Amino acid sequence: MKPRGSRSLRFPALILQSSALVLLPLIITLAQSCGSSPDVSKGTLSHSTQGLKIPEKGQNLIRSGSSGQEFLEPSGSARSSESGTITISGVADGNGSSARVTADPISGSPLLLSGRLELNLIDKIPGLKDSADLHRLAGASPESQTALATQLESLVKAFVKEQAGTFAFQAENLKLNMEQFHIDADSVLLGFDYHLGDSQLMGGHIGFRFSKGQLVQVLSRTFGISEDQIESAPEVDAVTLAQSTAELVLGEGSSVESGSIIKVIYPRVITHGEGQEYEFKSSIAFKASDKDGEPYALVRSLTENEVLEWQNLKFNYEGEVFGQVYQRMPGGPTIEAALPFVSVQTDNASGFADALGQISLTGSQAVALLESGSFRVVNAEGTKAQASGTADLRFNDSNSTLAERNVYYHLQLVQQWAKEVINPKWFTTKVTANVNLSETCNAYWDGRTLNFMSEGSTCRNTGELADVVYHEWGHGLDANIGGITDGAYSEGIGDIIATFITKSPDMAPGFQKTGSGTGAIRFLDANHSYPPKSTEVHTEGLVIGSTWYHLIQNFEKRYSTQGRSLAKKLFLKSLYTTNQYEDSYEAILALDADGGDPSEGKNFCLITDAFARHGLAKRSSKCNGMEEPSTTPSPTPTPTPNPESQPNPEPKPQPENASITWVTSGFIDGMQFNWLGGSARIKLNLVNEASQGLTGCIFRVTANKLSSGRVVARKDNIILKSQPLSLPNGKLESVVTTIQLPWGSSKQNLEILLSANCSGQPVPVVEKDALAK
Numbered sequence: 020m021k022p023r024g025s026r027s028l029r030f031p032a033l034i035l036q037s038s039a040l041v042l043l044p045l046i047i048t049l050a051q052s053c054g055s056s057p058d059v060s061k062g063t064l065s066h067s068t069q070g071l072k073i074p075e076k077g078q079n080l081i082r083s084g085s086s087g088q089e090f091l092e093p094s095g096s097a098r099s100s101e102s103g104t105i106t107i108s109g110v111a112d113g114n115g116s117s118a119r120v121t122a123d124p125i126s127g128s129p130l131l132l133s134g135r136l137e138l139n140l141i142d143k144i145p146g147l148k149d150s151a152d153l154h155r156l157a158g159a160s161p162e163s164q165t166a167l168a169t170q171l172e173s174l175v176k177a178f179v180k181e182q183a184g185t186f187a188f189q190a191e192n193l194k195l196n197m198e199q200f201h202i203d204a205d206s207v208l209l210g211f212d213y214h215l216g217d218s219q220l221m222g223g224h225i226g227f228r229f230s231k232g233q234l235v236q237v238l239s240r241t242f243g244i245s246e247d248q249i250e251s252a253p254e255v256d257a258v259t260l261a262q263s264t265a266e267l268v269l270g271e272g273s274s275v276e277s278g279s280i281i282k283v284i285y286p287r288v289i290t291h292g293e294g295q296e297y298e299f300k301s302s303i304a305f306k307a308s309d310k311d312g313e314p315y316a317l318v319r320s321l322t323e324n325e326v327l328e329w330q331n332l333k334f335n336y337e338g339e340v341f342g343q344v345y346q347r348m349p350g351g352p353t354i355e356a357a358l359p360f361v362s363v364q365t366d367n368a369s370g371f372a373d374a375l376g377q378i379s380l381t382g383s384q385a386v387a388l389l390e391s392g393s394f395r396v397v398n399a400e401g402t403k404a405q406a407s408g409t410a411d412l413r414f415n416d417s418n419s420t421l422a423e424r425n426v427y428y429h430l431q432l433v434q435q436w437a438k439e440v441i442n443p444k445w446f447t448t449k450v451t452a453n454v455n456l457s458e459t460c461n462a463y464w465d466g467r468t469l470n471f472m473s474e475g476s477t478c479r480n481t482g483e484l485a486d487v488v489y490h491e492w493g494h495g496l497d498a499n500i501g502g503i504t505d506g507a508y509s510e511g512i513g514d515i516i517a518t519f520i521t522k523s524p525d526m527a528p529g530f531q532k533t534g535s536g537t538g539a540i541r542f543l544d545a546n547h548s549y550p551p552k553s554t555e556v557h558t559e560g561l562v563i564g565s566t567w568y569h570l571i572q573n574f575e576k577r578y579s580t581q582g583r584s585l586a587k588k589l590f591l592k593s594l595y596t597t598n599q600y601e602d603s604y605e606a607i608l609a610l611d612a613d614g615g616d617p618s619e620g621k622n623f624c625l626i627t628d629a630f631a632r633h634g635l636a637k638r639s640s641k642c643n644g645m646e647e648p649s650t651t652p653s654p655t656p657t658p659t660p661n662p663e664s665q666p667n668p669e670p671k672p673q674p675e676n677a678s679i680t681w682v683t684s685g686f687i688d689g690m691q692f693n694w695l696g697g698s699a700r701i702k703l704n705l706v707n708e709a710s711q712g713l714t715g716c717i718f719r720v721t722a723n724k725l726s727s728g729r730v731v732a733r734k735d736n737i738i739l740k741s742q743p744l745s746l747p748n749g750k751l752e753s754v755v756t757t758i759q760l761p762w763g764s765s766k767q768n769l770e771i772l773l774s775a776n777c778s779g780q781p782v783p784v785v786e787k788d789a790l791a792k
């Protein structure tokens, strides 16, 4: 099961993480959901709130199950989901063809189906010659987009009915979600919520990905639910029940947001002995605020006297935080930047500047505000930014704060960056960005607004940091093209967007005013891999963030200056059908394959190398010896050093495509140890596959204690040898060491993960087999 620490809630999307589910903040679309949801405000209150069972904030019974078993360390789709090949009748090239499938490890139902499935939109829609015609048919207006999506909805539902038995869902239970609809000249992405009767399945998400009109991937998250598994719930006065629940959980003075209550089915995992299964709780979900106005999402069972989950809806950029416009950060270059799309009022007309900040309006005098059709910047200190004049208008310290100018400029920059690839409905709505808030060292997305805080003794004004603006905007994007269903993934998305634009692995340099180094809050580098060292969402998000940083490097190595834009296209399109970061690999392969076999895409090895480097995919033998994989190291961060680590020599150039193969005999996936006094003796036979020798190599081990194939305990950063090793090319080198383990002396199942750093640079380690004794 996959605990997520203090994840924020997203409603109504509840996502399966291996065998654990977490509710994450989507109540931002709750008001829209309520428009078509059943009216549950009437009825008789049949629940007492006395003795109400309330889990800790950010935790829920889903993680531990009703039997209260211990929390388990994360085990992602590459390790826990069953992958394989199935034969279905709906494959485009005929009976007997196969499709790649990933299965839910608990219910066994398909989670992800990839292949050329027997649905081609070009064949089904009259007058279409190719996918470009489909793109033109969509048009630019919301009405034409909705009309096409509705037409595609009918085609998809008919296909699902034809393929009865193949999918773990029923066509009649699919409800189109326009926020998850995207179309361009190459691809169509169509998303559905899942409803049973009058209730929405939390986390029930069905996604269809088309490439050049051909259906190539179906994402199915229904947890294998059937209607006979749904609890029969009594009638309740939902408004009264929600209000009394909010007051007990959030305290007196709490209030439920009007119109936010919807009826849901809440899946959770229960354990029976060594087995696990889902149970489905009839519930209500709603938004409420405490007496201070803090927004929360809550889920209350309708059959038991318990709150299933509750969480603060703010998405924070945590840390020791820190306006002319800074190009990136305080202390860095300042620029006099053109402010695009600002609102302008003259003595004769009103309108907006263009993308270059140019004004063409009648009149002799003008006043400009930091407001556009997409963003409105509000200064919490009270003074409203405005620039006036009879010629050029300039925002400066006499009429605005740096935070106001900086936030406005970088929000416009990041949104225009994304619009080169995608153009979701969210881009047509006006988002408020509050700056100079009285708190310090933080910034957050709260489901509707972006919020940036003032400077503190240890941190800078977060509105003055471009990386923070990009990161928080990334939460808003994630929330509005499918929903924040995975807190760690959403944090990663924010960091990935920042690194795309800044071309740096350092997140928010200048954020911290004290300490050594750049003052960055975190770093994308080779040390972050799956399973994560911590399930705190910002830390765990570094796994997918670092993966994308290295994937961008791989693309730049092959495609030079075009590499970053090619990677951006894959990243932004993948967000439409990727609900958790462990799904990213398969989604990107499908996009890269352009309608073909995902394992045959032109960038398969580049993608696999980056994801395998961070534990999110397995290395492929077809990529051995290819020039694609990059070994370009990340800059070494300068925060607090690890007292266990040994000082590395100054970085020295290593051979191109350097790698170390761990070649021994014995068990592959797990090793049996007879422990004596908590120690284990490990023998590793290592071969340097590079054309030259490697020097200054330090090896670190992560030891995972396994139970029923799942990680239940971990000890990491075990240094094998106190002195760096040299590895001649092509020569086998044996490393024998004893490691101390804290898990007793009985026979246990242990998994060993190995990483290497030679002369200050990370070197990939390819595992072929393992021997322990």
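FYI, the numbering used here numbers position 352 of the sequence shown as 371, with every residue one higher than the one before it. Quick reminder that beta carbons are idealized off the backbone N, C-alpha and C, glycines included. Note that the structure is predicted; figures quoted are calculated from it, not measured.
Delimiting residues of the alpha helix (DSSP H) encompassing residue i
| i | result |
| --- | --- |
| His490 | 485-499 |
| Ser603 | 603-612 |
| Ala257 | 257-269 |
| Gly294 | Segment 294-308 is the beta strand (DSSP E) holding Gly294; no alpha helix (DSSP H) there. |
| Tyr578 | 556-578 |
| Arg632 | 623-632 |
| Arg135 | Where Arg135 is concerned, there is no enclosing alpha helix (DSSP H), given that its DSSP letter is neither H nor E. |
| Ser584 | 582-593 |
| Lys148 | First-last for Lys148: undefined, no H or E at that position. |
Opening and closing residue of the beta strand (DSSP E) in which residue i lies
| i | result |
| --- | --- |
| Ser128 | Here Ser128 belongs to no beta strand (DSSP E), and DSSP marks it neither H nor E. |
| Arg638 | Careful: Arg638 lies outside any beta strand (DSSP E) and carries neither H nor E. |
| Thr290 | 281-291 |
| Gln248 | Here Gln248 belongs to no beta strand (DSSP E), and DSSP marks it neither H nor E. |
| Gln364 | 362-365 |
| Gly511 | Gly511 -> not in any beta strand (DSSP E); alpha helix (DSSP H) instead, spanning 506-521. |
| Ser369 | 369-371 |
| Leu744 | 744-746 |
| Ala462 | 462-464 |
DSSP bridge partner residues for residue i (one or two, in chain order)
| i | result |
| --- | --- |
| Ala452 | Val396, Leu469 |
| Lys72 | Glu325 |
| Gln377 | Its beta-bridge partners do not exist; DSSP assigns none. |
| Glu752 | Leu705 |
| Ala775 | Phe718, Val782 |
| Ile737 | Val720 |
| Ser320 | Ser302 |
| Leu713 | Leu746 |
| Thr459 | Ser473 |
| Pro14 | Nothing can be reported for residue 14, as the shown portion of the chain is limited to 20 through 792. |
| Asn331 | Tyr315 |
| Gln531 | Cys478 |
heavy atom of the ligand SAH below 7 angstroms from residue i C-beta
| i | result |
| --- | --- |
| Ser618 | In the structure on display, the ligand SAH does not appear, and there are no ligands present to speak of. |
CB-CB length for residue i against residue j, believed under 8 angstroms
| i | j | result |
| --- | --- | --- |
| Ala462 | Thr481 | 4 angstroms |
| Ala304 | Ile284 | Going by Cβ atoms, the distance from Ala304 to Ile284 rounds to 10 angstroms, so no, they are not a contact pair. |
| Arg395 | Lys449 | 6 angstroms |
> Taking contact to mean at least 3 C-beta pairs separated by less than 8 angstroms, is the segment 263-272 in contact with the segment 310-320?
Replying inline: Short answer: they touch.
> Which runs of the alpha helix (DSSP H) fall wholly inside the segment 384-441 and span at least 4 residues, in chain order?
Replying inline: Listed in chain order, the alpha helix (DSSP H) elements of length 4 or more contained wholly in the segment 384-441 are 421-438.
>> So within the segment 163-244, which uninterrupted beta strand (DSSP E) runs reach at least 3 residues, ignoring any that extend past its ends?
In response: 193-195, 206-215, 218-230, 233-240, all fully within the segment 163-244.
> Between the segment 467-479 and the segment 614-623, do at least 3 Cβ pairs fall closer than 8 angstroms?
Replying inline: Judged by pairs of C-beta atoms under 8 angstroms, the segment 467-479 does not touch the segment 614-623, as fewer than three such pairs exist.
> Counting pairs of Cβ atoms below 8 angstroms between the segment 171-183 and the segment 198-210, do you hit three or more?
Replying inline: At 8 angstroms Cβ cutoff, the stretches touch.
>> Would the segment 545-558 count as touching the segment 583-595 if we require 3 or more Cβ pairs under 8 angstroms?
In response: Taking 8 angstroms as the limit for Cβ pairs, the verdict is that the segment 583-595 does not touch the segment 545-558.
> Does the pairing of the segment 185-200 with the segment 575-584 give three or more beta-carbon distances under 8 angstroms?
Replying inline: Contact between the segment 185-200 and the segment 575-584 is absent: fewer than 3 CB-CB pairs across the two stretches fall below 8 angstroms.
> Between the segment 497-517 and the segment 425-445, are three or more C-beta pairs nearer than 8 angstroms?
Replying inline: Segments in contact, yes.
> At a cut of 8 angstroms, does the segment 143-154 reach the segment 622-629 through at least three beta carbon pairs?
Replying inline: Result no; under three Cβ-Cβ pairs closer than 8 angstroms.
> Taking one C-beta from the segment 317-328 and one from the segment 229-240 each time, how about it: are there three or more such pairs within less than 8 angstroms?
Replying inline: The segment 317-328 and the segment 229-240 do not touch, with fewer than 3 CB-CB distances between them shorter than 8 angstroms.
> Is the segment 561-574 touching the segment 405-415 in the sense that three or more CB pairs, one from each, lie closer than 8 angstroms?
Replying inline: Contact between the segment 405-415 and the segment 561-574 is absent: fewer than 3 CB-CB pairs across the two stretches fall below 8 angstroms.
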